[in-house]
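S.K.:
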Amino acid sequence: MVAKLPKLTGLGLVALLGSTSMTLADVSVEFWHSFSKNAGEALDQIIDNFEAENPGITIDAQHIGNYNDIVAKLQASIPAGREPDAVIMEVTRYGLFADRGVLMDLTDYVENDPLKDDLFDFAREVGVFDGKNYIVPFNSSTPVLYYNKAILEQAGVPEEPKLETYADVLAVAQQVQAELGDEGISGIAAPGQFARWGLIMDNDSDMIDSVSGEILLDAPNTVEAYEWMASLVHEHGVASADGVTTENQGRDAFLAGKVGMMMNSTGNYGRSVAALGDDLVVAPMPCNKVCRVPIGGAGIGILSSAEDEVKDAAWKFISYAASAESNAIWFSTTGYMPINKHTAEQPLAAEALETKPGIRVAIDQLGFAKGRPRPPVVTWMRATEYDMWQAMALGQRDVTETLDDFAARTRAEAERLAK
Amino acid sequence: MLRKLTPYLFILPLMAFLAVFTYVPILQSVNLSFREWDFMSPTKLWVGLENYQLLLSSRDFWNAVKVTTIFAVISVPLRLALALAIASYLVRETIVSRLMRGALFLPSVTSTVSIAVVFSWVFSTDYGMINAGLAWLGFERVQWMQDPQLALYVIIFVNTWKQLGYDIIIYIAGLQAVPTELYDAASVDGGRRLHVFRRVTLPLVMPTTYFLLVVSVIDAFQVFTIVNVMTKGGPAGATDMIVNMLYRVGFTLFDIGQGSALAVILFVFLIALAVLKARVIGRKVHYEA
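Top to bottom, those sequences are chains A and Y.
Just so we're aligned, residue 1 is where the first sequence starts under this note's numbering, counting upward by one.
Just so we're aligned, residue 1001 is where the second sequence starts under this note's numbering, counting upward by one.
1. Given a limit of 8 Å on CB to CB distance, which residues of the segment 75–100 of chain A reach chain Y?
2. Under three-state DSSP, which class holds residue 1057 of chain Y?
3. Would you please verify whether the beta carbon of residue 1025 of chain Y is less than 9 Å from any beta carbon of chain A?
4. Would you say residue 212 of chain A touches the ligand NAP, meaning its beta carbon is less than 8 Å from a heavy atom?
5. Listed in chain order, which residues of the segment 119–140 of chain A have Cβ atoms closer than 7 Å to some Cβ of chain Y?
6. Within a Cβ cutoff of 8 Å, which residues of the same chain sit near residue 1138 of chain Y, ignoring the five residues on either side of it in sequence?
7. Would you check if the distance between the CB atom of residue 1075 of chain Y and the CB atom of residue 1209 of chain Y is smaller than 9 Å?
8. If I measure Cβ to Cβ from residue 24 of chain A and keep anything under 7 Å in the same chain, skipping five residues before and after, which residues do I get?
9. Taking the CB atoms as reference points, tell me whether residue 384 of chain A and residue 409 of chain A lie closer together than 9 Å.
10. Is the CB of residue 171 of chain A under 9 Å away from at least one CB in chain Y?
11. Using a Cβ-Cβ cut-off of 9 Å, state whether residue 1057 of chain Y counts as contacting chain A.
12. When DSSP labels each residue in this structure, what does residue 412 of chain A get in the three-state scheme?
13. CB-CB under 8 Å to residue 1225 of chain Y, same chain, minus the five flanking residues each way: which ones, in chain order?
14. When you compare the CB positions of residue 331 of chain A and residue 265 of chain A, do they come within less than 9 Å of one another, or not?
15. For residue 1031 of chain Y and residue 1046 of chain Y, what's the separation of their Cα atoms in angstroms?
16. At 8 Å on the CB atoms, spell out the chain A contacts of residue 1237 of chain Y, in chain order.
17. Can you tell me which of the three DSSP states residue 288 of chain A falls into?
18. Excluding the 5 residues flanking residue 142 of chain A on each side, which residues of the same chain have their C-beta closer than 8 Å to its C-beta?
19. Given residue 15 of chain A, which residues of its chain have a CB within under 8 Å of its CB, disregarding the five upstream and five downstream residues?
20. Tell me, please, whether the CB atom of residue 1006 of chain Y is closer than 9 Å to any CB atom in chain A?
21. For the alpha helix (DSSP H) that residue 90 of chain A lies in, which residues bound it at each end?
22. Give me the chain A residues within the contact set of residue 1254 of chain Y, using Cβ-Cβ distance strictly less than 8 Å, ordered along the chain.
23. Could you name the residues of the segment 1107–1137 of chain Y whose beta carbon sits closer than 9 Å to any beta carbon of chain A, in the order they occur along the chain?
24. Measure the alpha-carbon distance for residue 138 of chain A versus residue 339 of chain A and round it to whole angstroms.
25. Using the Cα positions of residue 22 of chain A and residue 56 of chain A, report the straight-line distance between them to the nearest angstrom.
26. If we ignore side chains and look at the alpha-carbon of each, how far apart do residue 1184 of chain Y and residue 1171 of chain Y end up?
27. For the alpha helix (DSSP H) containing residue 105 of chain A, list its first residue and its last residue.
28. Taking CB distances under 9 Å as the criterion, tell me whether residue 404 of chain A reaches chain Y.
29. For residue 1142 of chain Y, name the three-state secondary structure that DSSP assigns.
30. Please tell me whether residue 1155 of chain Y and residue 1230 of chain Y are closer than 9 Å, where the distance is taken between their beta carbons.
31. Classify residue 1008 of chain Y as buried or exposed, calling it buried when 16 or more other Cβ atoms lie within 10 Å of its own Cβ.
32. Helix or strand or just coil, what does DSSP make of residue 259 of chain A?
33. Applying a beta-carbon distance threshold of less than 7 Å, which residues of chain Y neighbour residue 258 of chain A?
34. Which residues in chain Y sit within 7 Å of residue 102 of chain A, going by Cβ to Cβ distance?
35. Going by the DSSP bridge assignment, what does residue 143 of chain A pair with across the sheet?
36. Across which residues does DSSP place residue 133 of chain A in a beta bridge pair?
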C-alpha cells in the first residue's frame, strides 16, 4: 500500500489540476436571440467558428422569439434572477434597459478593441445611448421596396416602374389590384411598423426627433404619411386588411406570390429570394418629400448582472460576431447590411454582391439612412402604435384625431418615465 | 398530540406547494398593486391606491370589462348548451359515438397556440378558407378579424370549438350516472322526449352543469392565448379582454403596478362571482336522484 502511495498521489494531483483548469477556462455565455431558419443557421455557423477559435468559451444560444418576445421575456427574467448574459436587442428598444442599468456600458470594451475603427459610423451610432455604448450592432437593416416582377408584368406595369413618390407607388398598386384583384392578388402589402417609420421619414418627419427628443406623432407631415398609408387599406383597397391585424401575413402573402409589392426590412431578402427567385426585384424606398430611411435591426448587449469573466467572454463573442469574416457570412446569407468596413473584401460577401443584385440596394441607401431615437418611451410608443395603426388603417378612427390622442399619451408616458 | 397532527402532516406537502406557487404570488401581486415598478428599477415606489384609481378612470379598462363580459355571457351558455345537446346524443355506447367523442375531445388536448394560428388563416380576409368558400358561392368577402363587430364572435367560435370536447366528456359522465329506471318510469308514464329531458335529465345533471358553469366562467374571464395570437386585442380594442390587457400593461408597457392592480381586481371579481353562483344556483343543485 505504501509503495502505491506516490502513484496514487500523482494521479490525485493530475485529476485535481485537470478539474481546476476546466473550472478556470470553461466559460458559458447564455445568449438570447431572435433568429430562426436561414438566419438561425448563419448564426449557428458564426458561433461554431467562434467556439473553434476560443476553446474555453461556449455560447449557449437560445432562440426566444421576435424582438417583442425578447423584451417581454427579458423584463420578466430580471426579478427572477434568470436573465441571460448577452442578448440581442432591437435598436430603438434597448434605451429603457440601458437607462435602468440592466445593460452594461460597453464603452471601455469598444474603445480598447480594434473593432472600433472597423465599424461603419452608422453601426457605431446605433449602439450609443446617452453618450455611452450599450450594444454592438449585429444585424443592421433599412426598409426597401420589394416587388414581384412577374405580377407587375402580368398587370401590364412597365418594366422598372417609377416608384419614387407615394403617388407612384399607389398608381402601380392600383393597376395590379385592378388587373389581378379578381385572381386574389393584392397591389401592395400593408406596411409593417418598420416600413411605416420609413414612410414617415421620407415624408420629411419622424415619430420622435432623434436629436431633441420632441414627439412628432402629431406633426403635419407625420399625419399626412399615416393618412396615405391608411388609405392603401380602407380607401383604395389595394392592401389587404389581413396585414394590418397580423403584420406577418402581408409578408407571407408576398412570399407566396399573392401581393405585387412589399416594403420591408432588408433582413427579408434571403427568404424573399428563396421564395420568388428571379421574379424578386428590390428597389429603394420612395423619396416622397426627402430621401431618408431608418436604420433598423438589432445589436448585442451584455447584462450588468453577468459575472466578470462571462462579460469578458461575451465581449469576445460580440467582437467576433461583428468581425468582417462573421459579418460576411451573415450578410451573404440574410441580406442584412454589412456593418464592418472590411466585410465587402471577404470572398463570401464579394460573391453575394456579384450574384445577388438586390442586396446592394440597402447599402446604396446608407447615404441617406438615419438612426432612430431610442429614449425609454420608444418601447411604450412602439407597443401602442400597433393599436393606433389598426384603428386608422381599418377606417375606425380619424387619422388626425388618433394621432393627436397618441401624441398626447406618448408625451404623458415620457414624463412619467422621466420621473 | 401526534394523532392530532397527522392529518396536517399529510396535507403539508400540498399546502407548501400551493403556498409557494399560488398564495405567495397572490400576496406579492397585492403588494405590487400598491407600487410603481417596471421590473427593472431597484426601488418599488409606494403609490397607494393610485394604480386602482388610474385603472378605474381608464377607457381601456372599462372596454376590457365590457368585452370580457360579452364574451362570457355569450360563450358560457353556448358551450354548455351545445355540450349537453351533443352529449345527450353521444352518451349511447356505439362505435360511431365513441369515435365522435375522441374526435370532439381532440381540440381540448391540442396546443391553443397551434389552434389560434390555424384559425387566423382560416378566417383571413383575402387568403382564408371561409372567405374562399363564400366567394365561390358568390358572396362578398367578410373582414372577420378586422371588423370590430365580428372579431369577438370569431374568438368566441374558436374558444368554443376548443373547449367543447371537454364539456361534452364531462356531460357524458354526468348523463351516464342518471339511473335508467327513471327513464323507464317516465316512459311507462308516457312522458314525451322533451318533457323527460326537462323533468328528468336536466335536474339530474345539474351538479355537472354547476361544475361546468363554475369552470367555464373562470375560463371565460381568463381567456388569453387565442386573443393574443389571433388579434392581440384588436381591431381597435374589440377583443381586448381583461387578461390580454393585463399582459399588455404589465409586460409590454412595463407597468407592473397597474398590471397587478388589474390582476387583483379580476381575482376579487371571480371570487365574488363564485360566491354569488353558489348562493343563487348552488342551492338548486341536488346530488342525489
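Using N, Cα and C, we set each Cβ at its ideal position, and we do this for glycine too.
M.R.: Quick answer:
1. Those residues of the segment 75–100 of chain A that come within reach of chain Y (Cβ to Cβ, closer than 8 Å) are 75, 76, 78, 79, 96, 97 and 100.
2. Counting from 1 along the second sequence, the entry for residue 1057 of chain Y is found at position 57. Three-state DSSP puts residue 1057 of chain Y in coil, outside helix and strand.
3. In the second sequence, the residue the question calls residue 1025 of chain Y occupies position 25. No, because no Cβ of chain A sits closer than 9 Å to the Cβ of residue 1025 of chain Y.
4. With respect to the ligand NAP, the structure offers nothing, as it holds no ligand at all.
5. In summary, no residue of the segment 119–140 of chain A has a CB separated from any CB of chain Y by less than 7 Å.
6. Against the second sequence, residue 1138 of chain Y aligns to sequence position 138. None.
7. Locating residue 1075 of chain Y in the second sequence gives position 75, counting from the first residue. Locating residue 1209 of chain Y in the second sequence gives position 209, counting from the first residue. Going by C-beta atoms, residue 1075 of chain Y is not nearer than 9 Å to residue 1209 of chain Y.
8. Walking along the first sequence from the start, residue 24 of chain A turns up at place 24. Because the pLDDT at residue 24 of chain A is just 42, under 50, the model does not fix this residue reliably, and the value given afterwards should be weighed accordingly. Correct list: empty, nothing qualifies.
9. Working through the first sequence from its first residue, we reach residue 384 of chain A at position 384. Working through the first sequence from its first residue, we reach residue 409 of chain A at position 409. Cβ distance < 9 Å, so residue 384 of chain A and residue 409 of chain A count as in contact.
10. As a first step, residue 171 of chain A is located in the first sequence; it is residue number 171 there, counting from the start. Residue contact check for residue 171 of chain A against chain Y: no CB pair falls below 9 Å.
11. Residue numbering aside, residue 1057 of chain Y sits at position 57 when the second sequence is read from its first letter. It does not: the Cβ of residue 1057 of chain Y has no partner Cβ on chain A nearer than 9 Å.
12. To locate residue 412 of chain A, count along the first sequence from 1; it is residue 412. Reduced to three states, the DSSP call for residue 412 of chain A is helix.
13. As a working mapping, residue 1225 of chain Y is identified with position 225 in the second sequence. Within the same chain, and ignoring the five residues on either side of residue 1225 of chain Y in sequence, the residues whose Cβ sits closer than 8 Å to its Cβ are 1112, 1113 and 1116.
14. Taking the first sequence and counting its residues from 1, the one referred to as residue 331 of chain A is at position 331. Taking the first sequence and counting its residues from 1, the one referred to as residue 265 of chain A is at position 265. Contact check for residue 331 of chain A against residue 265 of chain A fails: the beta carbons are separated by 9 Å or more.
15. In the second sequence, counting from the first residue as 1, residue 1031 of chain Y sits at position 31. In the second sequence, counting from the first residue as 1, residue 1046 of chain Y sits at position 46. The straight-line gap from Cα to Cα measures roughly 9 Å.
16. Translated into the one-based positions of the second sequence, residue 1237 of chain Y becomes position 237. What residue 1237 of chain Y touches in chain A: 387.
17. Within the first sequence, the letter at position 288 stands for residue 288 of chain A. Coil.
18. In the first sequence, residue 142 of chain A corresponds to position 142, counting from 1. Counting only Cβ-Cβ distances below 8 Å, and skipping sequence neighbours, we find 198, 265, 266, 285, 293, 294, 295, 296, 337, 362, 365, 366 and 369.
19. Residue 15 of chain A sits at position 15 when you count from the first residue of the first sequence. No answer about residue 15 of chain A holds up, because its pLDDT of 47 lies below 50 and its placement is not dependable.
20. Start at 1 with the first residue of the second sequence, and residue 1006 of chain Y comes out as number 6. Nearest CB-CB separation between residue 1006 of chain Y and chain A: not below the 9 Å threshold.
21. As a first step, residue 90 of chain A must be located in the first sequence, where it is residue number 90. Unbroken run through residue 90 of chain A is the beta strand (DSSP E), 86–90; no alpha helix (DSSP H).
22. Taking the second sequence and counting its residues from 1, one reaches residue 1254 of chain Y at position 254. By Cβ distance, chain A contributes 75, 96, 379 and 380.
23. Correct list: 1120, 1121, 1124, 1125, 1126, 1127, 1128, 1132 and 1135.
24. What you label residue 138 of chain A is simply residue 138 of the first sequence in a count that begins at 1. What you label residue 339 of chain A is simply residue 339 of the first sequence in a count that begins at 1. Roughly 8 Å separates the two Cα atoms.
25. Position 22 of the first sequence holds residue 22 of chain A. Position 56 of the first sequence holds residue 56 of chain A. Residue confidence for residue 22 of chain A is low, a pLDDT of 42 falling below 50, so the modelled location carries little weight and cannot support an answer.
26. Position 184 of the second sequence holds residue 1184 of chain Y. Position 171 of the second sequence holds residue 1171 of chain Y. Cα to Cα, the separation comes out at about 21 Å.
27. Taking the first sequence and counting its residues from 1, one reaches residue 105 of chain A at position 105. In this chain, residue 105 of chain A is not harboured by any alpha helix (DSSP H), its DSSP state being neither H nor E.
28. By one-based count along the first sequence, residue 404 of chain A stands at place 404. No, no contact with chain Y.
29. For the purposes of this step, residue 1142 of chain Y is taken as residue 142 along the second sequence, with counting starting at 1. Residue 1142 of chain Y falls in the coil class under three-state DSSP.
30. Locating residue 1155 of chain Y in the second sequence gives position 155, where the first residue counts as 1. Locating residue 1230 of chain Y in the second sequence gives position 230, where the first residue counts as 1. Residue 1155 of chain Y is a Cβ neighbour of residue 1230 of chain Y, given a cutoff of 9 Å.
31. By 1-based counting over the second sequence, the position of residue 1008 of chain Y is 8. Classification of residue 1008 of chain Y: exposed, given that the 10 Å Cβ count is below 16.
32. Here residue 259 of chain A is taken as the residue at index 259 of the first sequence, counted from 1. In the structure shown, residue 259 of chain A sits in a strand (DSSP, three-state: E or B).
33. Locating residue 258 of chain A in the first sequence gives position 258, where the first residue counts as 1. One finds 1127 in chain Y with Cβ atoms closer than 7 Å to the Cβ of residue 258 of chain A, taken in chain order.
34. On the first sequence, position 102 is the one that residue 102 of chain A refers to. Neighbours of residue 102 of chain A on chain Y, chain order: 1040.
35. Residue 143 of chain A sits at position 143 when you count from the first residue of the first sequence. Bridge partners of residue 143 of chain A: A:265.
36. Here residue 133 of chain A refers to the residue found at position 133 when the first sequence is read from its first residue. Under DSSP, residue 133 of chain A shares a beta bridge with A:128.
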